[in-house]
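Trainee: Per this note's numbering, the very first residue in the sequence shown carries number 1; after that it's consecutive.
Just so you know, even glycine gets a beta-carbon here, dropped at the ideal spot from N, CA and C.
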Amino acid sequence: MRFTINLATRTYLDHGLINRILGGALLFLLLLSAWKVMGLCANMGELERLNADMAALEGRLGVHPSSVSGQELESQQKMIRFYNRIIERKAFGWLELLERLENATPGQVSLAAFSLDAKDANLLKIEGRARNFGQVRSYLERLEDSAGFGEILLLSHADLDLGEKGRGVGFSISCRAVKP
């Protein structure tokens with residue numbers, strides 16, 4: 001007897017093995033989901049406990065001690081706000097900001113002045129010079145692409161006559177320093 005069956009013409013899958021693998025994966029995912037739900041429930045209970053503790057502490061802090069007058073308490077809170085503003089200014093990452101600014105500035109652009117807004121420490125004003133407006137535009141695009149700066153605005157630009165050296169463009173940019 002001669003068999004002429006070609007078994008290579010059809011793909012045969014071991015459905016039993018595939019079903020066992022899929023069942024194992026489903027069981028693993030169910031166990032993982034149950035573990036995550038238990039963790040979520042534990043975290044929600046902890047959050048409720050912390051909220052109750054915070055409410056109790058805020059209730060105690062809302063009433064000032066009888067030995068301190070309202071005027072003394074107000075002056076003390078004013079001093080605390082003043083010192084907190086000083087601490088916030090000192091905590092500003094100057095080196096990090098200058099490094100981000102240096103990385104965003106191309107070689108064809110020179111910066112002439114750099115200042116922070118007195119009211120908003122994250123608002124920067126940058127003044128500089130470039131050979132042409134195309135370089136200013138590319139600098140603006142690089143600042144926009146940078147993760148460290150946002151709300152970039154070109155405040156002004158003007159053509160500069162540099163005498164024998166040629167011409168240039170002076171510009172002023174306002175932007176906000178963003179924590180990456």
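Does the distance from the C-beta atom of I173 to that of L160 stay below 7 angstroms?
Mentor: Locating residue 173 in the sequence shown gives position 173, where the first residue counts as 1. Locating residue 160 in the sequence shown gives position 160, where the first residue counts as 1. It is not a contact, given that the beta carbons lie outside the stated cut-off.
Trainee: Measure the alpha-carbon distance for F114 versus L98 and round it to whole angstroms.
Mentor: Your numbering for residue 114 matches position 114 in the sequence shown. Your numbering for residue 98 matches position 98 in the sequence shown. One C-alpha to the other measures close to 10 angstroms.
Trainee: Got a sec, what are the start and stop residues for the alpha helix (DSSP H) L140 sits in?
Mentor: Here residue 140 corresponds to residue number 140 of the sequence shown, with the count starting at 1. Run containing L140: F133 to D145, per the alpha helix (DSSP H) assignment.
Trainee: Quick one: grab the DSSP three-state call for S69.
Mentor: As a working note, residue 69 is residue 69 in the sequence shown. Looking at S69 - three-state DSSP - the assignment turns out to be coil, as it is neither helix nor strand.
Trainee: What residues are listed by DSSP as bridge partners for S75?
Mentor: As a first step, residue 75 must be located in the sequence shown, where it is residue number 75. In DSSP, S75 forms no bridge with anything.
Trainee: May I ask which residues mark the beginning and end of the beta strand (DSSP E) holding E127?
Mentor: As a first step, residue 127 must be located in the sequence shown, where it is residue number 127. Run containing E127: L123 to A130, per the beta strand (DSSP E) assignment.
Trainee: Between which two residues does the alpha helix (DSSP H) harbouring L101 extend?
Mentor: Sequence index remark: in the sequence shown, residue 101 carries index 101 (1-based). Residues W94 to A104.
Trainee: So, with DSSP's three-state summary, where would you put L154?
Mentor: The residue labelled residue 154 in the question sits at position 154 within the sequence shown. It is a strand residue.
Trainee: Three or more C-beta pairs closer than 8 angstroms, one from the region 163 to 170 and one from the region 140 to 149: is that the case here?
Mentor: Taking 8 angstroms as the limit for Cβ pairs, the verdict is that the region 140 to 149 does not touch the region 163 to 170.
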